Amino acid sequence: MALAWALVVVPSLWAQGSKPTDYDVKAAYLYNFGGFVEWPAKARADNGDSFTICVLGQDPFGSALDAALAGETIAGKNVAVKRIPRPRDAVNCRILFISSSEDSQLKQVLAALDDTSVLTVSDLPQFSRRGGMVQFVLDGNRVRFEVNLTPADHAGLTLSSELLKLAVQVRRSP
Amino acid sequence: MLRVRDYSISRKLTWMNLLASGVALLLACAAFVAYDLITFRESMIRSLSIQAQIVGSNSVSALLFNDPQSAEKTLSALHNSPNIISAGIYTPDGRPFAAYWRHRGSGALQLPPILTARTQLRLRDGQMVVLRSIVFQGKPAGTVYIQSDLQESIDRLKQYVIIVVAVLLTSLVVALLTSSIIRRAIADPIVQLAETARIVSRDKVYSVRAPTTGNRDELAILIGTFNEMLAQIEERDTALRETRDNLEQRVQERTAQLNAVNLELEAFSYSVSHDLRAPLRHIGGFARLLEEEYGTTLDAAAQGHLRRILSGVENMGMLVDDLLKLGKVGRQELVWQQTDLNSLLQSALQDIQPELEGRQIEWRIGELPVIDCDPGLMKQVFANLLSNAVKYTRRREFTVIQVGHVATDGAPVIFIRDNGAGFNQQYASKLFGAFQRLHRTEDFEGTGIGLATVQRIIRKHGGRIWADGEVEKGATFSFSLAASSQGFAATKASAAVG
Numbered sequence: 000m001a002l003a004w005a006l007v008v009v010p011s012l013w014a015q016g017s018k019p020t021d022y023d024v025k026a027a028y029l030y031n032f033g034g035f036v037e038w039p040a041k042a043r044a045d046n047g048d049s050f051t052i053c054v055l056g057q058d059p060f061g062s063a064l065d066a067a068l069a070g071e072t073i074a075g076k077n078v079a080v081k082r083i084p085r086p087r088d089a090v091n092c093r094i095l096f097i098s099s100s101e102d103s104q105l106k107q108v109l110a111a112l113d114d115t116s117v118l119t120v121s122d123l124p125q126f127s128r129r130g131g132m133v134q135f136v137l138d139g140n141r142v143r144f145e146v147n148l149t150p151a152d153h154a155g156l157t158l159s160s161e162l163l164k165l166a167v168q169v170r171r172s173p
Numbered sequence: 000m001l002r003v004r005d006y007s008i009s010r011k012l013t014w015m016n017l018l019a020s021g022v023a024l025l026l027a028c029a030a031f032v033a034y035d036l037i038t039f040r041e042s043m044i045r046s047l048s049i050q051a052q053i054v055g056s057n058s059v060s061a062l063l064f065n066d067p068q069s070a071e072k073t074l075s076a077l078h079n080s081p082n083i084i085s086a087g088i089y090t091p092d093g094r095p096f097a098a099y100w101r102h103r104g105s106g107a108l109q110l111p112p113i114l115t116a117r118t119q120l121r122l123r124d125g126q127m128v129v130l131r132s133i134v135f136q137g138k139p140a141g142t143v144y145i146q147s148d149l150q151e152s153i154d155r156l157k158q159y160v161i162i163v164v165a166v167l168l169t170s171l172v173v174a175l176l177t178s179s180i181i182r183r184a185i186a187d188p189i190v191q192l193a194e195t196a197r198i199v200s201r202d203k204v205y206s207v208r209a210p211t212t213g214n215r216d217e218l219a220i221l222i223g224t225f226n227e228m229l230a231q232i233e234e235r236d237t238a239l240r241e242t243r244d245n246l247e248q249r250v251q252e253r254t255a256q257l258n259a260v261n262l263e264l265e266a267f268s269y270s271v272s273h274d275l276r277a278p279l280r281h282i283g284g285f286a287r288l289l290e291e292e293y294g295t296t297l298d299a300a301a302q303g304h305l306r307r308i309l310s311g312v313e314n315m316g317m318l319v320d321d322l323l324k325l326g327k328v329g330r331q332e333l334v335w336q337q338t339d340l341n342s343l344l345q346s347a348l349q350d351i352q353p354e355l356e357g358r359q360i361e362w363r364i365g366e367l368p369v370i371d372c373d374p375g376l377m378k379q380v381f382a383n384l385l386s387n388a389v390k391y392t393r394r395r396e397f398t399v400i401q402v403g404h405v406a407t408d409g410a411p412v413i414f415i416r417d418n419g420a421g422f423n424q425q426y427a428s429k430l431f432g433a434f435q436r437l438h439r440t441e442d443f444e445g446t447g448i449g450l451a452t453v454q455r456i457i458r459k460h461g462g463r464i465w466a467d468g469e470v471e472k473g474a475t476f477s478f479s480l481a482a483s484s485q486g487f488a489a490t491k492a493s494a495a496v497g
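Listed in order, the protein sequences are those of chains A and B.
So for the first sequence, numbering that gives the first Met the number 0 puts the first residue at 0; every next one is plus one.
So for the second sequence, numbering that gives the first Met the number 0 puts the first residue at 0; every next one is plus one.
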């Protein structure tokens, strides 16, 4: 039986194309987070018909994010990408990627988002310790993430246990 | 080897019981086992499918965030299902993502590649394979693959076989026990009844009785009726025996009486005949003397009377002689000899020569056989019958007397035929009675004792005589002696009684 199955060789996309970059993976993860986070009802109503993923600051994804999210839906809503220059533009965002260009003013950015229900994601070092919710980390050459539940709770977001079990670290710190 | 239908009833009942309960149980067990195996198989499929689903939904995040360790951790929970040989998770493009093997040491950890990600189920080579696609946000996120063996099902089947065998054995034992009860209630009484019937039939003993059961079923009725029948037969037997004994006694008594009377009668008739002779001789002698000495002095009328007296005396003398002869035949012992009837016939013809004087007779005498008989008495038979034939043809101008025999299966039939006066066949039986005559003495003289004597002689020989005739057309007297040995024995027996 195994032999019969072995004959059916399925071509692997990963083997065919070039190896994905970290930002290809991160773009996919940004989208995937949408399926494992529960937003409060108010946020869902404010966001209207689309599920908006925003990038604050200098966009490190290039075309990767648009490519990854083109035509996708989350919970029946079309996924839209928005690049915003200021934190207060993030009111209608569900997920906000904070570019490393915002490193210096991170505290202000997070403070500006204090009364919103936005899932903050970044690959800034110490992001989860500094009040961010999800921080990308590199485990060898694999992209993984850390989670800080305190700001997520504060924002009224519920992170699925499925998500948490994959986190390198889950912390609670203000 | 005894055939089943020749088995005894009790054995048949036992077998019937065993067979019926065995077959019923076997069928019931088979049905239950089949049903249970089918439902078990279904529940196993369902359970595998559910497990695949759980594994799938618990592996979605691992797939999405490319975390095979987490997926393997999820898969390792399958360790609690001992039937699952291997399991795996594939990425949507069919690449193995995470794998689980029950026995880690066994072979390569490589999972088989899969063709499609549709949910499906395969049952092959004693293994069950479930494929279930993982869908997240309406899109395929991967596929769960679970391979399970059917060991549990086989174990279950083994257990069932053991249970079925145990149940069957137990029920067979119970069936044997119940059949012994049935045997006691049905077979044993029948066997005893059959045994009783056999004894009755074999030994003709009607005093035995089949043992009763004390029940009130048809069997008890049968046994009761059978016993009643035996009682009736016994009763009838007794009555029959009594009647037979009575009858024998009565026959013996009657025979003795008859013999006594017969002897008395013969002695009486002999003595009467004998004693009649002396006075007859006196009458005759004196009448003749009277005729010789005073004949001339008597007138014509007196002479006529005298002649009538003499004629009467002569007749009476003949009568007495015949009676004595008849009596003598009755007492005489037969002297059996091989006798040539031809010469006997000639001798008899010599004896009746005087009667043939002045007669024109055409004799047609055929060849006669040689038989066993008393020649002296047989000669009397011939003389008597020939004499009769000659006498009753007296008025014929042309007399034909025929003597011959007809060979039959038994003794030959000898006949003497004439064309004389004959007789009415209606009275044929009276011919042979003593003093019985069909013709008037005026027409044909005679005592009426001759044919009685002839019949007595023939009967003494164990034979029979009969006559056929028609008035004025002639008569045929036929007789046959019984087959020599038979006739001999019969005659000896009757002689001994006489």
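The C-beta atom is built at its ideal place from N, Cα and C for all residues, glycine as well.
Keep in mind that this is a model prediction, so the values were computed, not measured.
> How do the stretch 282–293 of chain B and the stretch 302–312 of chain B stand: do at least 3 beta-carbon pairs fall below 8 Å, yes or no?
Replying inline: yes
>> Is it buried or exposed, Ser147 (chain B), if we count other Cβ atoms within 10 angstroms and call 16 or more buried?
In response: buried
> Listing by chain order, which chain A residues have their CB less than 8 Å from the CB of Ala76 (chain B)?
Replying inline: Under the 8 Å cutoff, chain A gives no residues; its nearest Cβ is about 13 Å from Ala76 (chain B).
>> With H, G and I counted as helix, E and B as strand and the rest as coil, what does DSSP make of Thr90 (chain B)?
In response: coil
> Under the rule that 16 or more other beta-carbon atoms within 10 Å means buried, what is Trp362 (chain B), buried or exposed?
Replying inline: Burial call: exposed.
>> Just to make sure I have the definition right: I need the residues of chain B whose C-beta is within less than 7 Å of the C-beta of Tyr28 (chain A). Which are they?
In response: Phe64
>> Against chain A, does Ser60 (chain B) count as a neighbour if the rule is that its beta carbon must be under 8 Å from one of theirs?
In response: yes
>> Less than 8 Å between C-beta atoms, sequence neighbours within five positions excluded: which residues of the same chain meet that for Leu430 (chain B)?
In response: Phe422, Leu437, Leu450 and Ala466
> Whose Cβ in chain B lies nearer than 7 Å to the Cβ of Lys25 (chain A)?
Replying inline: Chain B residues near Lys25 (chain A): none, gap ~11 Å exceeds 7 Å.
>> When you compare the CB of Phe35 (chain A) with every CB in chain B, is at least one pair closer than 8 Å?
In response: yes
>> Measuring CB atoms only, is the stretch 326–341 of chain B touching the stretch 370–390 of chain B, in the sense that at least three cross pairs come out at less than 8 Å?
In response: yes
> Just by C-beta distance, which residues in the stretch 147–161 of chain A are closer than 8 Å to chain B?
Replying inline: Ser159 and Glu161
>> I'd like to know if Asn140 (chain A) contacts chain B, where contact means its C-beta is closer than 8 Å to some C-beta of that chain.
In response: no
>> Suppose the cutoff is 6 Å on Cβ atoms and the five residues either side in sequence are ignored; what does the same chain contact list for Arg174 (chain A) look like?
In response: Nothing about residue 174 (chain A) can be reported from this structure: the residues present for chain A run from 0 to 173 only.
> Shorter than 8 Å from the beta carbon of Lys18 (chain A) to some beta carbon of chain B?
Replying inline: no
> Of the residues B:Arg455, B:Gln435, B:Phe414 and B:Thr475, which one's Cα is nearest the Cα of Ala420 (chain B)?
Replying inline: B:Thr475
> Under 8 Å between the Cβ atoms of Leu163 (chain A) and Val142 (chain A)?
Replying inline: no
>> Can you check which of these residues, B:Ala219, B:Tyr205, B:Ser46 and B:Val250, is closest to Ala230 (chain B) by C-alpha distance?
In response: That would be B:Tyr205, whose Cα lies nearest to the Cα of Ala230 (chain B).
> Are the Cβ atoms of Gly33 (chain A) and Ile94 (chain A) separated by less than 8 Å?
Replying inline: yes
> Since Lys138 (chain B) sits in a beta bridge, which residues does DSSP pair it with?
Replying inline: B:Phe135
>> If the cut-off is 9 Å on Cβ atoms, which residues from the stretch 66–93 of chain A count as contacting chain B, listed in chain order?
In response: Glu71, Thr72, Ile73, Ala74 and Gly75
> Whose C-alpha, out of B:Phe478, B:Glu444 and B:Gly473, is nearest the C-alpha of Arg515 (chain B)?
Replying inline: In this structure chain B extends from 0 to 497, so residue 515 (chain B) is not present and cannot be described.
>> Just to check my reading of the structure: Ala186 (chain B) and Leu12 (chain B) have Cβ atoms closer than 8 Å, yes? What is that Cβ distance to the nearest angstrom?
In response: With 8 Å as the limit, Ala186 (chain B) and Leu12 (chain B) qualify as a contact, their Cβ atoms being about 5 Å apart.
>> Residues of the stretch 126–137 of chain B in Cβ contact with chain A at a cutoff of 9 Å, in chain order, please.
In response: Gln126, Val128, Phe135, Gln136 and Gly137
> Trp362 (chain B) bridges to which residues according to DSSP?
Replying inline: Bridge partners of Trp362 (chain B): B:Ile400.
> Can you name the start and end residues of the alpha helix (DSSP H) that Asn383 (chain B) belongs to?
Replying inline: Pro374 to Tyr391
>> Relative to the C-alpha of Val177 (chain A), which candidate in A:Val108, A:Asp88 and A:Gln168 has its C-alpha closest?
In response: The question about residue 177 (chain A) has no answer here: the residues shown for chain A are numbered 0 through 173.
>> Comparing C-alpha positions only, which one of B:Pro91, B:Ala51 and B:Asp66 sits nearest to Gln119 (chain B)?
In response: B:Ala51
>> Does the contact criterion of 3 or more C-beta pairs under 8 Å hold for the stretch 19–26 of chain B versus the stretch 57–71 of chain A?
In response: no
> Can a CB atom of chain B be found closer than 8 Å to the CB of Pro118 (chain A)?
Replying inline: Reading the sequence as shown, one finds Leu at residue 118 (chain A) and not Pro. No, Leu118 (chain A) lies away from the interface with chain B (no Cβ there is under 8 Å from its Cβ).
>> What would DSSP say about Ser310 (chain B), mapped onto helix, strand or coil?
In response: helix
> Residue range of the beta strand (DSSP E) that Thr475 (chain B) falls in?
Replying inline: Gly473 to Ser479
> In whole angstroms, what separates the C-alpha of Ala116 (chain B) from that of Thr142 (chain B)?
Replying inline: Annotation note: pLDDT 48 at Ala116 (chain B) (below 50); position unreliable, coordinate value reported separately. Going from the Cα of Ala116 (chain B) to the Cα of Thr142 (chain B) covers about 6 Å.
>> Which residues does DSSP list as the beta-bridge partners of Asn147 (chain A)?
In response: A:Arg170
> Taking 8 Å as the CB-CB cut-off, is Ser69 (chain B) touching chain A?
Replying inline: yes
>> I want to verify the contact list: residues of chain B whose CB lies under 7 Å from the CB of Leu165 (chain A), in sequence order.
In response: Ser60, Ala61, Phe64, Asp66 and Ser69
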